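Enquirer: Structure provided below as structure tokens; questions to follow.
4 protein chains.
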Amino acid sequence: VRGGTEETTTGVIRLRAMAKDGVLAYPVIAVNEARTKHMFDNQYGTGQSAVDGLLRSTNILIAGKTAVVCGYGWVGRGVASRLRGMGAAVIVCEVEPLRGLEAAMDGYQVMTVADAAKKGDIFFTATGNLNVLGKDHFGHMKDGAILANVGHFNDEIEIPALERASSSKRTIRPFVEEYRLGSRSVFLLAEGRLLNHAAAEANPAAVMDMSFANQVLAIEHLLGEPDLRPDVYPVPLQHDEDIARLKLEAMGVRIDEMTAAQRDYAGQWKAGT
Amino acid sequence: VRGGTEETTTGVIRLRAMAKDGVLAYPVIAVNEARTKHMFDNQYGTGQSAVDGLLRSTNILIAGKTAVVCGYGWVGRGVASRLRGMGAAVIVCEVEPLRGLEAAMDGYQVMTVADAAKKGDIFFTATGNLNVLGKDHFGHMKDGAILANVGHFNDEIEIPALERASSSKRTIRPFVEEYRLGSRSVFLLAEGRLLNHAAAEANPAAVMDMSFANQVLAIEHLLGEPDLRPDVYPVPLQHDEDIARLKLEAMGVRIDEMTAAQRDYAGQWKAGT
Amino acid sequence: VRGGTEETTTGVIRLRAMAKDGVLAYPVIAVNEARTKHMFDNQYGTGQSAVDGLLRSTNILIAGKTAVVCGYGWVGRGVASRLRGMGAAVIVCEVEPLRGLEAAMDGYQVMTVADAAKKGDIFFTATGNLNVLGKDHFGHMKDGAILANVGHFNDEIEIPALERASSSKRTIRPFVEEYRLGSRSVFLLAEGRLLNHAAAEANPAAVMDMSFANQVLAIEHLLGEPDLRPDVYPVPLQHDEDIARLKLEAMGVRIDEMTAAQRDYAGQWKAGT
Amino acid sequence: VRGGTEETTTGVIRLRAMAKDGVLAYPVIAVNEARTKHMFDNQYGTGQSAVDGLLRSTNILIAGKTAVVCGYGWVGRGVASRLRGMGAAVIVCEVEPLRGLEAAMDGYQVMTVADAAKKGDIFFTATGNLNVLGKDHFGHMKDGAILANVGHFNDEIEIPALERASSSKRTIRPFVEEYRLGSRSVFLLAEGRLLNHAAAEANPAAVMDMSFANQVLAIEHLLGEPDLRPDVYPVPLQHDEDIARLKLEAMGVRIDEMTAAQRDYAGQWKAGT
Numbered sequence: 003v004r005g006g007t008e009e010t011t012t013g014v015i016r017l018r019a020m021a022k023d024g025v026l027a028y029p030v031i032a033v034n035e036a037r038t039k040h041m042f043d044n045q046y047g048t049g050q051s052a053v054d055g056l057l058r059s060t061n062i063l064i065a066g067k068t069a070v071v072c073g074y075g076w077v078g079r080g081v082a083s084r085l086r087g088m089g090a091a092v093i094v095c096e097v098e099p100l101r102g103l104e105a106a107m108d109g110y111q112v113m114t115v116a117d118a119a120k121k122g123d124i125f126f127t128a129t130g131n132l133n134v135l136g137k138d139h140f141g142h143m144k145d146g147a148i149l150a151n152v153g154h155f156n157d158e159i160e161i162p163a164l165e166r167a168s169s170s171k172r173t174i175r176p177f178v179e180e181y182r183l184g185s186r187s188v189f190l191l192a193e194g195r196l197l198n199h200a201a202a203e204a205n206p207a208a209v210m211d212m213s214f215a216n217q218v219l220a221i222e223h224l225l226g227e228p229d230l231r232p233d234v235y236p237v238p239l240q241h242d243e244d245i246a247r248l249k250l251e252a253m254g255v256r257i258d259e260m261t262a263a264q265r266d267y268a269g270q271w272k273a274g275t
Numbered sequence: 003v004r005g006g007t008e009e010t011t012t013g014v015i016r017l018r019a020m021a022k023d024g025v026l027a028y029p030v031i032a033v034n035e036a037r038t039k040h041m042f043d044n045q046y047g048t049g050q051s052a053v054d055g056l057l058r059s060t061n062i063l064i065a066g067k068t069a070v071v072c073g074y075g076w077v078g079r080g081v082a083s084r085l086r087g088m089g090a091a092v093i094v095c096e097v098e099p100l101r102g103l104e105a106a107m108d109g110y111q112v113m114t115v116a117d118a119a120k121k122g123d124i125f126f127t128a129t130g131n132l133n134v135l136g137k138d139h140f141g142h143m144k145d146g147a148i149l150a151n152v153g154h155f156n157d158e159i160e161i162p163a164l165e166r167a168s169s170s171k172r173t174i175r176p177f178v179e180e181y182r183l184g185s186r187s188v189f190l191l192a193e194g195r196l197l198n199h200a201a202a203e204a205n206p207a208a209v210m211d212m213s214f215a216n217q218v219l220a221i222e223h224l225l226g227e228p229d230l231r232p233d234v235y236p237v238p239l240q241h242d243e244d245i246a247r248l249k250l251e252a253m254g255v256r257i258d259e260m261t262a263a264q265r266d267y268a269g270q271w272k273a274g275t
Numbered sequence: 003v004r005g006g007t008e009e010t011t012t013g014v015i016r017l018r019a020m021a022k023d024g025v026l027a028y029p030v031i032a033v034n035e036a037r038t039k040h041m042f043d044n045q046y047g048t049g050q051s052a053v054d055g056l057l058r059s060t061n062i063l064i065a066g067k068t069a070v071v072c073g074y075g076w077v078g079r080g081v082a083s084r085l086r087g088m089g090a091a092v093i094v095c096e097v098e099p100l101r102g103l104e105a106a107m108d109g110y111q112v113m114t115v116a117d118a119a120k121k122g123d124i125f126f127t128a129t130g131n132l133n134v135l136g137k138d139h140f141g142h143m144k145d146g147a148i149l150a151n152v153g154h155f156n157d158e159i160e161i162p163a164l165e166r167a168s169s170s171k172r173t174i175r176p177f178v179e180e181y182r183l184g185s186r187s188v189f190l191l192a193e194g195r196l197l198n199h200a201a202a203e204a205n206p207a208a209v210m211d212m213s214f215a216n217q218v219l220a221i222e223h224l225l226g227e228p229d230l231r232p233d234v235y236p237v238p239l240q241h242d243e244d245i246a247r248l249k250l251e252a253m254g255v256r257i258d259e260m261t262a263a264q265r266d267y268a269g270q271w272k273a274g275t
Numbered sequence: 003v004r005g006g007t008e009e010t011t012t013g014v015i016r017l018r019a020m021a022k023d024g025v026l027a028y029p030v031i032a033v034n035e036a037r038t039k040h041m042f043d044n045q046y047g048t049g050q051s052a053v054d055g056l057l058r059s060t061n062i063l064i065a066g067k068t069a070v071v072c073g074y075g076w077v078g079r080g081v082a083s084r085l086r087g088m089g090a091a092v093i094v095c096e097v098e099p100l101r102g103l104e105a106a107m108d109g110y111q112v113m114t115v116a117d118a119a120k121k122g123d124i125f126f127t128a129t130g131n132l133n134v135l136g137k138d139h140f141g142h143m144k145d146g147a148i149l150a151n152v153g154h155f156n157d158e159i160e161i162p163a164l165e166r167a168s169s170s171k172r173t174i175r176p177f178v179e180e181y182r183l184g185s186r187s188v189f190l191l192a193e194g195r196l197l198n199h200a201a202a203e204a205n206p207a208a209v210m211d212m213s214f215a216n217q218v219l220a221i222e223h224l225l226g227e228p229d230l231r232p233d234v235y236p237v238p239l240q241h242d243e244d245i246a247r248l249k250l251e252a253m254g255v256r257i258d259e260m261t262a263a264q265r266d267y268a269g270q271w272k273a274g275t
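Protein chains in written order, with the numbering used here: chain C, 3 to 275; chain X, 3 to 275; chain E, 3 to 275; chain Y, 3 to 275.
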């Protein structure tokens, strides 16, 4: 039996691209797409660990700063929420209208990266794409701007362009490099690698537990399906509910069960006026 | 050509039940399931108008109160968020583990309705189901507890049981009825009907615009598909994106377009380390 | 015995000015300066009732709007907090550096009125001063901007200048007047009078109870001091603590008492390393 | 010339006790009482660094936890706000009714320490007093409860009582000691010393700058007043305004100046109706 699981957003996008190109060698379960994975690990986990990485690497005061979050997927919304929770005024940048609209209604300022570049004190990329902060932006940033990535690869910040634009570079604290751009400085954290992994301890065990439970159940599921052809498969829905139920129990939280009358009501269409 | 659209969560559940029972007479597009519908109208619209209905009917001070929200679907999470935003300590009750877990990680207290019944000053039902607050709960509530529904029918609060349990009933303000239960009172708002429709002006135009845009486009879509058999159909995905884009424009918010390099990157699997 | 009490911020400022000018005819207790008054009535009371007045007069969706709050005193911070709680992106304008700094660290955007005038969808004045939104600002506002006052007199918005600048004026809903400025409109609520009093039911009883308790105790105190000369006097500190204690009891909230050891520790300087 | 400054809340309380006992040897300026000190350093600084210390020492997920904050002074309110901002459900304990009332209206659950002891996953003391979490509480805590102090001395948690009650103790991570109480464990962080100093980098430079500016100006002030008798003195008001103004400038934030007409209006009592 051969098969695998994938638990990152960008990883799943790429495996789908491989499947489309006919080069995927075995079946893969997209663990990232379990709701008990991406809604929790990506959102609450990385939301917290991004703040943690920022504090461990810089010890700056977040309150009173303008923070820019590029990307309002699960990671981006977690990071935006936690930065706001620590007292930052948060700007969100997006390419998808629906997510941009959601960010606006969640009370964030929404604007283009080009406009945000002039306003931010701290920038986080969380897009899974490349050159989100790039050669057109560095020259417009405030003196002292801090750049960090919590998305995927070290492509999100266009580091080669930053290298070319700067006259010098030096390490001022572990994980903090100062680039001189004329009379101003910008600070790149963790060489544009995932800040929460590099400068903090990555996501807490109390949220990874659900991600790993998904992994284990997905592998067990694959073992029971030896004839699956190479493609990207969703996590069985029941896994999600089971894991959420176990997690609540572990947290000591009790919720209700529907009564028989309620189950019946949910499935019918005659009652009510 | 015959066909229809449905823009409530409970309505769609019931139409699906009708389709399953083979009694649906024509095709229906589930407008509620457009993300530009339920994420906005249900969440931000009803979240606000529930608070509005509460204030218009009672003029109580929300700050310092314990508010209980039954249901953490799109309506429930909107209501919970806005009550917290007005200074309430919010408790969420759920029957689905995943939603209960989400509510807990969003910082709400999560518990059973039976436990919450003793703690709440204000109760909102937002479930689409029946007897969510019922005969087992009224007797344990605090003197002065306020009961309101922003879910669907006036079934969510078990009013017949409240009538039976109380010794008297009187209207003390428009939309506010006092029920005497021994030495205590509970106040039922708007006879358990949708509070935001009864006591306020329902959801604002600035969020209904998207719901109605979905309706119009769905009807136009049905007109182009005269041979569709009776069933419940999703809103075409492109509608969602178009409506979100137009809405952002109307709000004066500008977002980014992916560059060609970014579109290419999003579809490939080789770059990055 | 002659004497009085005053329970507004602006009223106390003016009585102090009268005392300074030697024209105050009898002693006045500055009830507004009781912490159980201004911290609660002004902040939580007006914070809520400002939102209430806005919704009753306009029924706009607050989520996604940019709201500008002029003044970050007790009223202003209450209004800013509640608008944020309803999903607005909030800008604060101030003249006192310390308050401006506090607003920034509370996560608000802080800027001059001239800069904010171009960005706001909704404006609230809460300053107790005059012409805070004035002739230099109206011309730069967005089409559709809404102007409201929850500060003191109808001086805070420079209405004569708005009248002069506009080509026409009409009432479009109760409490909502549209002024045409070239091709744009701005909407003035409640003729610039206190919006929460005009369009809603003013502050809730559950916060006015503390203000009125202060009034009664202040009058009782004055009756016991028949020889007080005309001046503005503070509320006796003990009133504040008594009222807060009674209010918590009425809310059913229990707090701790210091132990004897804790009282002793609080008054000494030797323990601890 | 002899004199000093003091920049902690507890330090000032003790210096006042010394002055009262006639043992204070020289004049001291209570720098802590400058608003640019306690409102910022104590609130926003310690609020953030308490979270930082918690994450560095434990790497737990804050979202979904119940956090108990003992004390709602400037430190306590900062800590409560930031824990809520990271997704905790926060309980506040107080001995002063007014602060308890404020915490309730800020949306926190307010209860006695004895009640909170059973509910908390994480406890922070921020009182400046002793035995706030003590022998009566440890036995009722949940398995896994975490105890930390960000108030003053290591007296706030009654460690001797914890030592006596536990059967064993071991270090499981730097700054984390597990105490076994029957079949349960509680974890004491940093031996009950200031967590933000022990496990993180204390308060950020960007908030200490104001505290230190106050120190320097206070010392300069003392040098100009060589005849001051031993006592505790307030910071001159003008310092506060100057420091706030400079800080805003350093942050690049611009605020308004009152116009001449506004200054005049603020000092008179005739205009307005």
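Built from N, CA and C at the ideal position, the CB exists for glycine as well.
Keep in mind the model is a prediction, meaning the values are calculated, not measured.
(1) Looking at C-alpha atoms only, which residue of E:Tyr235, E:Val152, E:Ala201, E:Ala147 is the closest neighbour of Ser185 (chain E)?
(2) What is the rounded straight-line gap between the Cα of Met210 (chain E) and the Cα of Leu250 (chain C)?
(3) Taking the straight line between their C-alpha atoms, what separation do you get for Asp258 (chain E) and Gly102 (chain Y)?
(4) Can you tell me the Cα-Cα spacing of Leu225 (chain E) and Ala252 (chain E), whole angstroms?
(5) Between Ala106 (chain E) and chain Y, is any beta-carbon pair separated by less than 7 Å?
(6) Going by beta carbon distance, what residues of the same chain come within less than 8 Å of Pro122 (chain Y), once the five residues before and after it are set aside?
(7) On the DSSP bridge assignment, give the partners of Tyr2 (chain Y) in chain order.
(8) What are the residues in the stretch 116-141 of chain C lying within 7 Å of chain Y by C-beta distance?
(9) For the stretch 265-274 of chain C against the stretch 216-224 of chain X, are there 3 or more C-beta pairs whose distance is under 8 Å?
(10) Please report the distance separating the alpha-carbon of Gly75 (chain X) from that of Asn34 (chain X).
(11) Which residues share a DSSP beta bridge with Leu135 (chain Y)?
(12) With burial defined as no fewer than 16 other Cβ atoms inside 10 Å of the residue's Cβ, what is the status of Thr173 (chain Y): buried or exposed?
(13) Can you tell me which of X:Glu165, X:Ala91, X:Glu227, X:Pro162 puts its alpha carbon nearest to the alpha carbon of Gln111 (chain X)?
(14) Excluding sequence positions up to five away, which residues of its chain have a Cβ less than 7 Å from the Cβ of Lys39 (chain X)?
(15) Out of X:Phe140, X:Leu135, X:Asp117, point me to the one whose CA is closest to Asn151 (chain X)'s CA.
(16) When you check each C-beta in the stretch 80-100 of chain X against every C-beta of chain Y, which residues fall closer than 7 Å?
(17) What do you get for Ala262 (chain Y), buried or exposed, if any count of 16 or more other CB atoms within 10 angstroms of its CB means buried?
(18) Assign Glu243 (chain X) to one of three DSSP states: helix, strand, or coil.
(19) Are Asn198 (chain E) and Gly109 (chain E) touching if we call contact CB-CB under 7 Å?
(20) With contact counted as at least three CB pairs below 8 Å, one residue from each stretch, are the stretch 21-33 of chain X and the stretch 230-240 of chain X in contact?
(21) Please list the partners that Asn44 (chain E) has in chain X, where partner means a Cβ-to-Cβ separation under 9 Å.
(22) Which residues of chain C have a Cβ atom closer than 8 Å to the Cβ of Glu203 (chain Y), listed in chain order?
(23) Less than 8 Å between the CB atoms is what I'm expecting for Ser59 (chain C) and Phe177 (chain C), so what's the real figure, rounded?
(24) Taking Ile62 (chain X) as the reference, which of E:Gly66, E:Ser51, E:Ile64, E:Leu63 has the closest Cα?
(25) Does the Cβ of Gly49 (chain X) have 16 or more other Cβ atoms within 10 Å, making it buried, or fewer, making it exposed?
(26) Is the Cβ of Gly49 (chain E) closer than 7 Å to any Cβ of chain C?
(27) For chain C, is any of its Cβ atoms less than 7 Å away from the one on Gln240 (chain X)?
(28) Run through the DSSP bridge pairs and tell me what Gly6 (chain X) is partnered with.
(29) Any residues in the stretch 242-273 of chain Y with a beta carbon nearer than 7 Å to a beta carbon of chain E? Which ones, in chain order?
Expert: Quick look at the numbers:
(1) Against the third sequence, residue 185 (chain E) aligns to sequence position 183. The option with the nearest alpha carbon to Ser185 (chain E) is E:Ala147.
(2) Looking up residue 210 (chain E) in the third sequence gives position 208. Looking up residue 250 (chain C) in the first sequence gives position 248. Going from the Cα of Met210 (chain E) to the Cα of Leu250 (chain C) covers about 41 Å.
(3) Stepping through the third sequence from its first residue, residue 258 (chain E) is reached at position 256. Stepping through the fourth sequence from its first residue, residue 102 (chain Y) is reached at position 100. Straight-line measurement puts the Cα of Gly102 (chain Y) at about 10 Å from the Cα of Asp258 (chain E).
(4) Stepping through the third sequence from its first residue, residue 225 (chain E) is reached at position 223. Stepping through the third sequence from its first residue, residue 252 (chain E) is reached at position 250. Those two C-alpha atoms are separated by around 27 Å.
(5) Along the third sequence, read from residue 1 onward, the residue named residue 106 (chain E) stands at position 104. Output row for Ala106 (chain E): interface = yes.
(6) As a working note, residue 122 (chain Y) is residue 120 in the fourth sequence. A quick correction: the sequence has Gly, not Pro, at residue 122 (chain Y). The answer, listed in chain order, is Thr68, Ala69, Val70, Ile93, Met143, Lys144, Ala147.
(7) Because chain Y is modelled from 3 through 275, residue 2 (chain Y) falls outside the range shown and cannot be assessed.
(8) none
(9) Because the criterion of three Cβ pairs below 8 Å is not met, the stretch 265-274 of chain C and the stretch 216-224 of chain X do not touch.
(10) As a first step, residue 75 (chain X) is located in the second sequence; it is residue number 73 there, counting from the start. As a first step, residue 34 (chain X) is located in the second sequence; it is residue number 32 there, counting from the start. For Gly75 (chain X) and Asn34 (chain X), the distance between alpha carbons rounds to 13 Å.
(11) Here the question's residue 135 (chain Y) lines up with position 133 in the fourth sequence. Partner(s): Y:Ile159.
(12) As a working mapping, residue 173 (chain Y) is identified with position 171 in the fourth sequence. The residue is exposed, with fewer than 16 neighbouring Cβ atoms inside 10 Å.
(13) Along the second sequence, read from residue 1 onward, the residue named residue 111 (chain X) stands at position 109. Each of X:Glu165, X:Ala91, X:Glu227, X:Pro162 was checked against the Cα of Gln111 (chain X), and the nearest Cα belongs to X:Ala91.
(14) Position 37 of the second sequence, counted from the first residue, corresponds to residue 39 (chain X). Excluding residues up to 5 positions away in sequence, Glu9, Val33, Met212, Ser213, Asn216 lie with their Cβ nearer than 7 Å to the Cβ of Lys39 (chain X) in the same chain.
(15) By 1-based counting over the second sequence, the position of residue 151 (chain X) is 149. Nearest of X:Phe140, X:Leu135, X:Asp117 to Asn151 (chain X), Cα basis: X:Leu135.
(16) Arg86, Gly89, Ala90, Ala91
(17) Reading the fourth sequence from its first residue, position 260 is the one you call residue 262 (chain Y). Result: exposed.
(18) Position 241 of the second sequence holds residue 243 (chain X). DSSP places Glu243 (chain X) in helix when its eight states are reduced to three.
(19) The sequence position of residue 198 (chain E) within the third sequence is 196, counting from 1. The sequence position of residue 109 (chain E) within the third sequence is 107, counting from 1. No, Cβ-Cβ distance for Asn198 (chain E) and Gly109 (chain E) is not below 7 Å.
(20) yes
(21) Within the third sequence, numbered from 1, the residue matching residue 44 (chain E) stands at position 42. Neighbours of Asn44 (chain E) on chain X: none; closest Cβ ~12 Å, over 9 Å.
(22) One-based indexing of the fourth sequence puts residue 203 (chain Y) at position 201. Within chain C, the residues near Glu203 (chain Y) are Asn61.
(23) For the purposes of this step, residue 59 (chain C) is identified with residue 57 of the first sequence, where counting begins at 1. For the purposes of this step, residue 177 (chain C) is identified with residue 175 of the first sequence, where counting begins at 1. 4 Å between Cβ atoms; contact.
(24) Along the second sequence, one-based indexing puts residue 62 (chain X) at 60. Minimum Cα distance to Ile62 (chain X) is reached at E:Ser51.
(25) Working through the second sequence from its first residue, we reach residue 49 (chain X) at position 47. Buried, by the Cβ-count rule.
(26) If you number the third sequence from 1, residue 49 (chain E) lands on position 47. Taking Cβ atoms only, chain C never reaches closer than 7 Å to Gly49 (chain E), which makes this a no.
(27) On the second sequence, residue 240 (chain X) is found 238 positions in, with the first residue counted as 1. So, not an interface residue.
(28) Numbered from 1 along the second sequence, position 4 holds the residue referred to as residue 6 (chain X). According to DSSP, Gly6 (chain X) bridges with X:Val30.
(29) Taking 7 Å as the upper bound on Cβ-Cβ separation, chain E lies near residues Asp242, Glu243, Ala246, Arg247, Lys249, Leu250, Met253, Val255, Arg256, Ile257, Asp258, Glu259, Met260, Ala263, Gln264, Tyr267, Ala268, Gly269, Gln270, Trp271, Ala273 of the stretch 242-273 of chain Y.
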